[in-house]
Ligand code: PFF
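Residue numbers (this note's numbering): 153 to 598.
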């Protein structure tokens with residue numbers, strides 16, 4: 153292992169950092185709504201199928217590339233397939249990471265602002281319209297969202313500059329357990345609200361009319377985004393894994409924890425929303441307009457709101473850190489500069505583009521590309537196009553191009569488990585490319 157790149161020190165640290173990447177806004181504001189819309193348990197079952205047959209093998213595929221090469225997104229492909237064009241997947245990953253980061257930092261800034269607002273006691277006591285106005289005025293402003301955006305970039309920059317073991321691993325080992333405790337306390341509280349049953353019914357009762365291909369494709373798309381796949385993020389993280397880590401087990405653990413967090417987030421949100429006569433929404437509307445109004449009506453609303461925004465901020469921050477690491481690792485290793493310098497360069501560029509993205513809710517809101525503002529454009533391009541393309545190519549690379557000996561060595565399966573090996577190869581070659589290809593085509597057609 154290349155010692156000078158650094159590596160994670162413990163298996164627990166690996167799990168916490170990787171779960172930190174996976175658990176993010178995708179779990180808290182995207183998953184619950186998709187379950188509600190996708191026919192409750194119908195969506196959950198499709199999601200389980202997607203995680204099991206597509207998410208876990210795709211994650212293992214990225215782990216194999218990363219841990220074998222111990223290099224950043226681009227160099228890992230160069231090392232494994234020298235003299236070919238496959239490292240283009242790495243460039244695509246860095247580009248996707250860059251684009252996601254430019255809007256993810258804006259939203260992470262919003263979560264930090266709401267955390268401050270709730271902690272200072274300034275969030276409660278408004279009307280439904282008041283909350284909507286509060287959010288629109290804040291996000292549409294010029295100064296405040298950019299200040300919070302810079303704060304998030306600075307926090308991330310400091311953590312990433314300390315490196316893998318002393319920066320990302322150490323902080324994940326504190327932030328993720330804190331996130332889990334907050335999540336469980338909030339979920340238990342939600343089970344004692346007036347409309348708990350209604351919320352749980354909305355979430356879990358199967359709606360047979362949703363049993364269709366569209367729901368399956370949404371579940372695959374959601375699994376892909378939620379597990380941080382398709383943009384070399386997990387290639388980068390696994391390049392710091394130690395050799396004693398079992399890749400299949402780690403992927404299964406991450407996926408299960410990610411699913412539990414998404415389900416608990418749903419259990420927190422729907423009973424609360426229904427108990428106070430609100431309508432569920434997804435995205436920013438849900439967490440910045442609907443929920444403040446819900447907290448405002450709850451007893452001990454101050455406590456619950458602070459806890460919820462701590463949860464949201466930690467979830468967003470740890471994902472933002474992981475995407476930043478993809479870009480930082482690439483810049484520092486490719487241009488042979490120190491990690492600190494790479495962090496300064498990366499964070500400076502994010503600050504400029506992030507600020508422009510933030511302004512797309514205010515002064516730049518009339519600037520649109522294909523009917524979307526800059527923020528929407530980055531979101532659409534990265535989530536609907538670049539992530540699936542990256543995922544398909546990575547899987548084809550592992551399935552068709554990668555030396556089988558490398559796969560065998562990395563999976564470390566006993567000879568009696570040959571069928572599991574064959575199952576993986578079948579997934580890399582056919583299942584993942586076809587399934588994710590269908591998601592890509594569907595999103596291009598709508
Ligand atoms: N998995 C994160 C979420 O659910 O919000 C988003 C994400 C992080 C996507 C890192 C891609 C990535 F590389």
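Here a beta-carbon is modelled for each residue, glycine too, at the ideal position from N, C-alpha and C.
Just so we're clear, the structure is a prediction, and the values are computed from it rather than from any experiment.
Same chain, Cβ closer than 7 Å to residue i, neighbours up to 5 away in sequence not counted
{"i": "residue 286", "result": "278"}
{"i": "residue 441", "result": "283, 284, 287"}
{"i": "residue 589", "result": "544"}
{"i": "residue 337", "result": "459"}
Own chain residues within Cβ distance below 6 Å of residue i, not counting five before or after
{"i": "residue 494", "result": "480, 483, 484"}
{"i": "residue 438", "result": "181"}
{"i": "residue 230", "result": "239"}
{"i": "residue 351", "result": "422, 423, 426"}
Expected contact under 8 Å - CB spacing of residue i and residue j to nearest Å
{"i": "residue 290", "j": "residue 265", "result": "7 Å"}
{"i": "residue 261", "j": "residue 297", "result": "6 Å"}
{"i": "residue 411", "j": "residue 214", "result": "Their Cβ separation, rounded to whole angstroms, is 18 Å, which puts residue 411 and residue 214 out of contact at 8 Å."}
{"i": "residue 355", "j": "residue 427", "result": "With 8 Å as the limit, residue 355 and residue 427 do not qualify as a contact, their Cβ atoms being about 14 Å apart."}
{"i": "residue 606", "j": "residue 169", "result": "Given a span of 153 to 598 for the chain in the structure shown, any question on residue 606 remains unanswerable."}
{"i": "residue 571", "j": "residue 393", "result": "Between residue 393 and residue 571 the Cβ distance is about 25 Å, and since that is not below 8 Å, they are no contact."}
Residue i Cβ short of 7 Å to ligand 1 heavy atom set
{"i": "residue 383", "result": "yes"}
{"i": "residue 536", "result": "no"}
{"i": "residue 169", "result": "no"}
{"i": "residue 377", "result": "yes"}
{"i": "residue 457", "result": "no"}
{"i": "residue 270", "result": "no"}
{"i": "residue 416", "result": "no"}
{"i": "residue 391", "result": "no"}
{"i": "residue 178", "result": "yes"}
{"i": "residue 173", "result": "yes"}
{"i": "residue 471", "result": "yes"}
{"i": "residue 249", "result": "yes"}
{"i": "residue 475", "result": "yes"}
{"i": "residue 604", "result": "The chain is shown only over 153 to 598; residue 604 falls outside these bounds and no answer can be derived."}
Buried or exposed (CB count within 10 angstroms, at least 16 for buried), residue i
{"i": "residue 550", "result": "buried"}
{"i": "residue 357", "result": "exposed"}
{"i": "residue 158", "result": "buried"}
{"i": "residue 281", "result": "exposed"}
{"i": "residue 326", "result": "exposed"}
{"i": "residue 522", "result": "exposed"}
{"i": "residue 217", "result": "buried"}
{"i": "residue 582", "result": "exposed"}
{"i": "residue 574", "result": "exposed"}
{"i": "residue 274", "result": "exposed"}
{"i": "residue 597", "result": "exposed"}
{"i": "residue 468", "result": "buried"}
Rounded straight-line distance, which links the Cα of residue j to that of residue i
{"i": "residue 594", "j": "residue 272", "result": "45 Å"}
{"i": "residue 378", "j": "residue 490", "result": "31 Å"}
{"i": "residue 174", "j": "residue 188", "result": "21 Å"}
{"i": "residue 446", "j": "residue 425", "result": "6 Å"}
{"i": "residue 369", "j": "residue 585", "result": "13 Å"}
{"i": "residue 141", "j": "residue 362", "result": "Residue numbering for the chain in the displayed model covers 153 to 598; residue 141 lies beyond these limits and cannot be assessed."}
{"i": "residue 164", "j": "residue 203", "result": "22 Å"}
{"i": "residue 452", "j": "residue 353", "result": "25 Å"}
{"i": "residue 511", "j": "residue 316", "result": "32 Å"}
{"i": "residue 566", "j": "residue 554", "result": "20 Å"}
{"i": "residue 380", "j": "residue 449", "result": "35 Å"}
{"i": "residue 249", "j": "residue 239", "result": "15 Å"}
{"i": "residue 502", "j": "residue 243", "result": "17 Å"}
{"i": "residue 162", "j": "residue 473", "result": "19 Å"}
{"i": "residue 153", "j": "residue 310", "result": "Confidence is the limiting factor: at residue 153 the pLDDT is only 42, short of 50, which leaves the residue's position unreliable and the question unanswerable from this model."}
Same chain only: Cβ atoms within 8 Å of residue i, ignoring 5 sequence neighbours per side
{"i": "residue 212", "result": "399, 400, 403, 563, 576"}
{"i": "residue 251", "result": "530, 533, 534, 538"}
Distance cut-off 7 Å: residue i Cβ against heavy atoms of ligand 3
{"i": "residue 225", "result": "As far as ligands go, the structure on display features ligand 1 and does not contain ligand 3."}
Minimum Cβ-Cβ distance from residue i to chain C less than 8 Å
{"i": "residue 569", "result": "Protein chains in the displayed structure number just one, and chain C is not present."}
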